[in-house]
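Chemist:
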Amino acid sequence: MHDDSRILSGGMWDLRTLIGSSLADNLIMRAMKIEPHSFKEFVEALLTVDDDNGDLSDGTTHIGQIREAFYDNHGISTQYFLEKLLLIFQFHKCVNS
193 MHDDSRILSG
203 GMWDLRTLIG
213 SSLADNLIMR
223 AMKIEPHSFK
233 EFVEALLTVD
243 DDNGDLSDGT
253 THIGQIREAF
263 YDNHGISTQY
273 FLEKLLLIFQ
283 FHKCVNS
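Sequential numbering of the sequence shown, starting at 193, is according to this note's numbering.
1) If I measure Cβ to Cβ from H266 and keep anything under 8 angstroms in the same chain, skipping five residues before and after, which residues do I get?
2) Going by Cα to Cα distance, which pick from F234, F231 and D242 is closest to G256?
3) Restricting to runs no shorter than 4 residues, where is the alpha helix (DSSP H) found entirely within the region 232 to 281?
4) Distance, Cα to Cα, I220 vs P228?
5) My understanding is that K232 touches S197, with C-beta atoms under 8 angstroms, so please give their C-beta distance in whole angstroms.
6) Does the beta-carbon of L207, which I'm using as the reference point, lie nearer than 6 angstroms to any heavy atom of the ligand FAD?
7) Would DSSP call I211 helix, strand or coil?
8) What's the C-alpha gap between S214 and R208?
9) If we call anything under 7 angstroms between Cβ atoms a contact, is A223 one with L238?
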């Protein structure tokens, strides 16, 4: 159980490296106040506090960095990462047609 904490804390540390400690700490503390019960719920809470329009399906301000820190580096996934990648794929498909 305690070894699992390295997965989440590693993602937090990576996020601090990617977007800066002040912004990352602010987002992380706000996400914790939502009281998530799993790693996935924590990442979704992080996306919620990072969002600027109340619609997670269109991404958030730092979704790329959050995805890199938690999914790419530590395997914590959420449907919102996949939806954003699908939107990017569809956009490139339309542009290149």
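Ideal placement from N, C-alpha and C gives every residue a C-beta, glycine not left out.
Modeler: Taking the structure as given:
1) I199, L200, G202, G203 and D206
2) Across the set F234, F231 and D242, the C-alpha of D242 shows the shortest separation from the C-alpha of G256.
3) Qualifying alpha helix (DSSP H) stretches, in chain order: 255 to 259.
4) 11 angstroms
5) Not confirmed; about 15 angstroms, so no contact.
6) With respect to small molecules bound, the structure shown includes none, and the ligand FAD cannot be examined in it.
7) helix
8) 8 angstroms
9) yes
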